[in-house]
Amino acid sequence: MGGLVRFVPSRKYLQQDLKYWLGRLLSRKVIEDLIDHYWSASPVDPDTPIPDIWYSKVFSDLWDASGRSFFLGPEEEGRLVFSLSVDSFNPFHMKTAKQKVSSMGIWLVLLNLPPQLCYLPENIFLVGVIPGPGKPATDEINHYLKPLVQSLLEFWDPGVFFSRTCNKRLGKLFKAMLIPLVADMLGARQILGLPGIATAHYFCTFFDLDIDDLDILDPAEWPAKNTDHIRYVAHMYKDAPSESEQHELFQAYGLRWSALPHERAR
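When we follow this note's numbering, the leftmost residue of the sequence shown carries the number 664, and every step to the right adds one.
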């Protein structure tokens with residue numbers, strides 16, 4: 664009445680605070696020592712199998728916001744690396760085929776901890792649970808990812824200072840980044856803004872291939888994805904003035920906006 668518009672949430676969602684969770688984690692004995700140990704771990708021979716993702720070349724080549732090696736920052740700072748996991752589950756524990764009810768969990772895993780510890784329930788950060796009865800459709804997942812991205816951006820630069828940790832009574836500054844995404848193919852494609860099914864025209868998750876390239880069987884001829892092009896199209900999708908134009912862009916390029924990989928692009 665009176666021309667007033669009232670917005671009603673379509674579903675309720677509660678997200679935990681990453682700062683509070685990490686503050687509690689850093690107040691536990693030994694945790695900070697383990698984090699510092701993995702931070703200073705030496706890389707292994709690249710020609711031999713690596714014992715943990717922490718020893719990979721990808722990690723040794725990470726840069727911070729200033730363009731320097733992420734792990735060669737000031738000695739008094741802590742540097743953290745998280746992985747993101749997203750998965751759906753039936754909240755009623757029903758395993759009958761074709762069940763329609765589904766909720767989605769979002770987790771962060773602190774990779775600074777040894778493998779035997781980082782996946783323990785007490786060491787995993789439950790970001791939140793998206794209630795059912797169905798999973799977020801297409802780009803609706805961005806509404807749930809964006810608050811997490813905003814929290815991580817603060818940890819990225821300038822970092823978050825904790826007034827006290829178990830080892831540092833005068834406090835310590837921590838910086839963090841998110842790498843990698845750990846999910847099944849359907850979840851990963853939705854998070855990255857790609858078509859949800861592998862039978863789409865742009866079917867390949869890892870290479871710049873479309874359905875017309877199915878006869879190219881030599882992996883050496885598969886072109887890598889162009890990240891600049893992906894960011895450009897993603898911003899076009901985000902800035903499109905209507906859903907119909909977003910649909911046209913998606914049909915043309917097979918890409919949507921994703922809050923996760925593109926938030927820093929500007």
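Built from N, CA and C at the ideal position, the CB exists for glycine as well.
7 angstroms Cβ shell around LEU677 - same chain, five flanking residues per side excluded
Within its own chain, the residues whose Cβ lies closer than 7 angstroms to the Cβ of LEU677, once the five positions on either side in sequence are excluded, are GLY791, listed in chain order.
Hey, does ASP891 have any beta-carbon neighbour from chain D nearer than 7 angstroms?
The structure shown contains no chain D; it holds only a single protein chain.
Skipping 5 residues on each side, what residues in its chain have a beta carbon closer than 7 angstroms to that of PRO886?
For PRO886, same chain residues with a beta-carbon under 7 angstroms away, outside a window of 5 residues either side, are PHE870 and ASP871 in chain order.
GLN914: buried (16+ other C-beta within 10 angstroms of its C-beta) or exposed?
GLN914 is exposed by the Cβ-count criterion.
Of the choices LEU773, GLU911 and THR868, whose alpha-carbon is the least far from that of VAL744?
Closest in C-alpha terms to VAL744, from the list LEU773, GLU911 and THR868, comes LEU773.
When you compare only the Cα positions, how much space is there between LEU912 and GLY741?
Their backbone Cα atoms lie some 42 angstroms apart in a straight line.
Please classify LYS720: does DSSP put it in a helix, a strand, or coil?
It is helical.
If we count the other Cβ atoms within 10 Å of its Cβ and call it buried at 16 or more, is VAL764 buried or exposed?
It counts as exposed.
Any idea if TRP726 is buried or exposed, counting beta-carbon neighbours within 10 angstroms, 16 or more meaning buried?
That one is exposed.
Is the beta carbon of LEU923 sitting closer than 7 angstroms to the one on ILE842?
The criterion of a C-beta distance shorter than 7 angstroms is not satisfied by LEU923 and ILE842.
Assign ASP802 to one of three DSSP states: helix, strand, or coil.
Three-state result, ASP802: helix.
From LYS838 to GLU817, what does the alpha carbon distance come to, in whole angstroms?
Our two residues, LYS838 and GLU817, have alpha carbons roughly 8 angstroms apart in a direct line.
Same chain, Cβ closer than 8 angstroms to THR868, neighbours up to 5 away in sequence not counted:
For THR868, where only same-chain residues beyond five positions count, the Cβ hits under 8 angstroms are MET848, ALA851, ARG852, LEU855, LEU857 and ALA861.
Give the list of continuous beta strand (DSSP E) stretches no shorter than 3 residues that lie fully inside the region 815-889.
Those beta strand (DSSP E) runs which fall completely within the region 815-889 and span 3+ residues are 823-825 and 835-845.
Whole-Å CB distance - PHE788 paired with GLY686, under 8 angstroms assumed:
Their Cβ separation, rounded to whole angstroms, is 12 angstroms, which puts PHE788 and GLY686 out of contact at 8 angstroms.
Just to confirm, is the Cβ distance from GLN909 to TYR916 under 7 angstroms?
In this structure, GLN909 sits away from TYR916, with a CB-CB distance that is not shorter than 7 angstroms.
Leaving out five residues before and five after LYS888 in sequence, what residues of the same chain have Cβ atoms less than 7 angstroms from its Cβ?
Taking LYS888 as the centre and dropping the five residues before and after it, the same chain places the C-beta of PHE870 and ASP871 closer than 7 angstroms to its C-beta, in chain order.
CA-to-CA distance, LEU689 to GLU695, given in whole angstroms:
Taking the CA atoms as reference points, GLU695 sits about 6 angstroms from LEU689.
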